[in-house]
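Asks: Attaching a single structure in structure tokens format; questions to follow.
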Amino acid sequence: MPASEPDSDPPGPLHHTHSYHAMIELRPHRQARSPDEAASALEAEVVAGRLDGDAVDAVLRAAGHQVRWRRVFPAGLTTREVEVMTDVPAPGRDKTGREG
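Per the working numbering, the sequence shown starts with residue 1329, numbered consecutively.
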């Protein structure tokens, strides 16, 4: 890949760690956020699909936050919506996966 092309890899734990740390530090242009505010901001980015949920959870656990296990799906889908979508057979197949 040429050096002029942007890296398309999603940001990982190191990026999330830096983001969290930057949010809780006092900066000349803004007040520091509380650790809970920073955690909420990162979680909002996960829900929006901009950050990896597993990486954010790892960073928040390392920072001492209690992280409840949850799966975040694309487009804000709920677990139940994904269950329903995966139960729908492919066109031309029955529920068991056989052609029918």
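We put the beta carbon where it would ideally sit given N, CA and C, even for glycine.
For A1331 and V1412, I'd like the C-alpha separation in whole angstroms.
Replies: Here residue 1331 corresponds to residue number 3 of the sequence shown, with the count starting at 1. Here residue 1412 corresponds to residue number 84 of the sequence shown, with the count starting at 1. With a pLDDT of 49 at A1331, under the threshold of 50, the modelled position of this residue cannot be trusted; read the value that follows with caution. When rounded, the distance between both Cα atoms is 44 Å.
Asks: Please look up how many angstroms separate the CB atoms of L1388 and A1367, rounded, as I've assumed it's under 8 Å.
Replies: For the purposes of this step, residue 1388 is identified with residue 60 of the sequence shown, where counting begins at 1. For the purposes of this step, residue 1367 is identified with residue 39 of the sequence shown, where counting begins at 1. About 5 Å; that satisfies the 8 Å criterion.
Asks: Go through its chain and collect everything with a Cβ distance to Y1348's Cβ below 8 Å, but skip five positions before and after it.
Replies: Counting from one through the sequence shown, the residue named residue 1348 turns up at place 20. Excluding residues within five positions, the ones whose Cβ falls inside 8 Å are A1366, A1367, L1370, V1387, L1388 and A1391.
Asks: Rounding to the nearest angstrom, what Cα-Cα distance links D1380 and V1374 in this structure?
Replies: Translated into the one-based positions of the sequence shown, residue 1380 becomes position 52. Translated into the one-based positions of the sequence shown, residue 1374 becomes position 46. Distance between the alpha carbons of D1380 and V1374: 6 Å.
Asks: Taking only the alpha-carbon atoms, compute the straight-line gap between R1361 and R1355 and give it to the nearest angstrom.
Replies: Against the sequence shown, residue 1361 aligns to sequence position 33. Against the sequence shown, residue 1355 aligns to sequence position 27. For R1361 and R1355, the distance between alpha carbons rounds to 10 Å.
Asks: Please state whether DSSP places R1355 in a helix, a strand or coil.
Replies: For the purposes of this step, residue 1355 is taken as the residue at position 27 of the sequence shown. It is a strand residue.
Asks: Measuring CB to CB, does A1383 end up less than 8 Å from P1419?
Replies: By one-based count along the sequence shown, residue 1383 stands at place 55. By one-based count along the sequence shown, residue 1419 stands at place 91. No, the Cβ-Cβ distance between A1383 and P1419 is not below 8 Å.
Asks: Measure the Cβ-Cβ separation of P1339 and G1377 and say whether it is below 8 Å.
Replies: Residue mapping note: residue 1339 aligns to position 11 of the sequence shown, counting from 1. Residue mapping note: residue 1377 aligns to position 49 of the sequence shown, counting from 1. No, the Cβ-Cβ distance between P1339 and G1377 is not below 8 Å.
Asks: Looking only at its own chain, which residues have a Cβ that is under 8 Å from the Cβ of P1363, when we skip the five neighbours before and after it?
Replies: As a first step, residue 1363 is located in the sequence shown; it is residue number 35 there, counting from the start. Closer than 8 Å at the Cβ level, and outside the excluded window around P1363, lie I1352, A1391, G1392 and H1393.
Asks: How is the alpha helix (DSSP H) around G1381 delimited, first residue to last?
Replies: Translated into the one-based positions of the sequence shown, residue 1381 becomes position 53. Looking at the DSSP string, the run of the alpha helix (DSSP H) that includes G1381 is G1381 to A1390.
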